[in-house]
Amino acid sequence: MTNKNKQMALVEYAQRLGDNSLILGQRLGEWCGHGPQLELDIALTNFSLDMIGQANLYLGYAGEVEGKSRDADAMAYLRDELEFRNCLLVEQPNGDFGQTIMRHFLFSTFQHLHLEALQSSKDETLAGIAGKAIKEVAYHVKFSADWVRRLGGGTPESHQRMQTALDNLWRFTGELFETDGVDALLLAEGIAVDLSALQDPWNTAVQTVLKDAGLRLPKGQVVVSGGRKGNHSEHLGPMLAEMQFLQRAYPGLDW
Amino acid sequence: MTSEARPRDEKTEAIWQLLSELEDPEIPALTLMDLGIIREINLEPDGRVEVVLTTTYTACPATHFIELLVAEKLEDAGYEFRLTTKLTPTWTTDWISEEGRRKLREYGIAPPITATTSKKVLMGAKLEIECPQCRSSRTTRISEFGSTPCKSLYKCDDCAEPFEYFKCI
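So this is what it looks like as structure tokens:
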């Protein structure tokens, strides 16, 4: 394997991690001022901030490794939809509070396992980011799992809404564990996380909470994927249009 | 924690002293030293000063502002410098100095509990957070999340005062 291949794979890998955090952070930020209670409003925007902080580190690193003078802002604001590498789950619309919580629960349970493994990456920067992010994500897992239990076991309506959220989002979870050449190459280098090893612990962790919540797993194993290759759902474009508007309309604008 | 990292020579000591005056922009009761954000001060062969900083939370909104404060202080004192950010070892609330914990409490924020706390917590019991006003440990969490990423909201069941708790990470 050449250094050039490894470099390109590392850029791609850092972008995947950064884009997952960035896009989920932007989605959560849409709740600002709209949370069902003040406490929840603050919680969701705190999560958003954590995610954007992680994205800043990952994308900054992607730009550094790439060596074409792109910083984290250029990565976030000046790439087009097809260049985004996030999974489909994180770009799904917020829906109601239950839908947002279910999405966050499914993703942060995965993210926590992922970060745990990434901490021992041979890439010091990625390991360093993981060491910081995992402490924050631990709060996300706890908070979202508590709410899945509470709403799943709540009123008939809250239960129904959580079940609908799960039925809707479940098909996007298979993508979290998909691997390709980039993963294989960096896994051999001791840099990437072995995603196949996360599937079982994730299933166990998720199903334990869903069981407590009285929610049932959707039947069938349809997997919708493609986000990491740039094939996004119809929801990402409009979101980027809003997120990137200022830098697109007024290039280089600064505070 | 910061003091352990301090080298002894006079010039670096003078810079530690200089920077020890800087307050945290979000919690002015604390200095950057109390928080353990300034990790190292190194004199480089070309005569420049390298100041190594770390961040508390990845998205702490004060991070950028803290860099500006440090830069301004060094510039005013006529130093040639560069700022470096290091993520490892990972910042932890355990690095907040004893002095810092005392100042937090006086400021009305319950300091993060340290690793050696009640064993009941291991068994899933609630954390015992002490009210910074009356020191009662009968307190209730109102919200896990507060005005900044590092704080939760609590209220005291004895003196009824609401207060903030600096979360452990």
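Which chain is which? The protein sequence lines are G and V, in order.
When we follow our numbering, the leftmost residue of the first sequence carries the number 1, and every step to the right adds one.
When we follow our numbering, the leftmost residue of the second sequence carries the number 1001, and every step to the right adds one.
The beta carbon of each residue, even a glycine, is placed where N, CA and C say it ideally should be.
Below 7 Å on C-beta distance, what does residue i contact in chain V?
i: G:G53; result: Y1057, T1058 and A1059
i: G:K132; result: T1058, L1087 and T1090
i: G:K135; result: I1169
i: G:F143; result: E1144
Helix, strand or coil for residue i? Go by DSSP, reduced to three states.
i: V:L1053; result: strand
i: V:E1023; result: strand
i: V:S1003; result: At V:S1003, the pLDDT of 48 sits below 50, so the modelled position is not reliable and the matter cannot be decided from this model.
i: V:S1152; result: strand
i: G:P238; result: helix
i: G:N94; result: coil
i: V:F1081; result: strand
i: G:Y77; result: helix
For a contact defined as C-beta to C-beta under 8 Å, what are the partners of residue i on chain V?
i: G:D50; result: Y1057, T1058, A1059 and P1149
i: G:E124; result: T1088
Closer than 8 Å, CB to CB, is residue i near chain G or not?
i: V:F1166; result: no
i: V:G1100; result: no
i: V:G1146; result: yes
Do the CB positions of residue i and residue j come within less than 8 Å of each other?
i: G:S158; j: G:F177; result: no
i: G:Q15; j: G:R85; result: yes
i: V:I1015; j: V:I1037; result: no
i: G:L151; j: G:G98; result: yes
i: V:P1112; j: V:T1088; result: no
i: G:A72; j: G:G25; result: no
i: V:R1105; j: V:P1061; result: no
I'd like the span of the alpha helix (DSSP H) that includes residue i, first residue to last.
i: G:R85; result: Here G:R85 belongs to no alpha helix (DSSP H), and DSSP marks it neither H nor E.
i: G:Y58; result: L38 to E66
i: G:I134; result: E124 to G152
i: G:S158; result: P156 to L169
i: G:P201; result: Q199 to D212
i: V:E1164; result: It is not in any alpha helix (DSSP H) - V:E1164 instead sits in the beta strand (DSSP E) that spans P1162 to F1166.
Any Cβ of chain V within less than 8 Å of the Cβ of residue i?
i: G:N46; result: yes
i: G:Y13; result: no
i: G:G128; result: yes
i: G:Y77; result: no
i: G:L57; result: yes
i: G:F105; result: no
i: G:Y139; result: yes
i: G:F97; result: no
At 7 Å on the CB atoms, spell out the chain G contacts of residue i, in chain order.
i: V:S1143; result: E39 and I42
Starting from residue i, trace the beta strand (DSSP E) in both directions and tell me its first and last residue.
i: V:I1041; result: I1038 to L1043
i: V:T1140; result: T1139 to S1143
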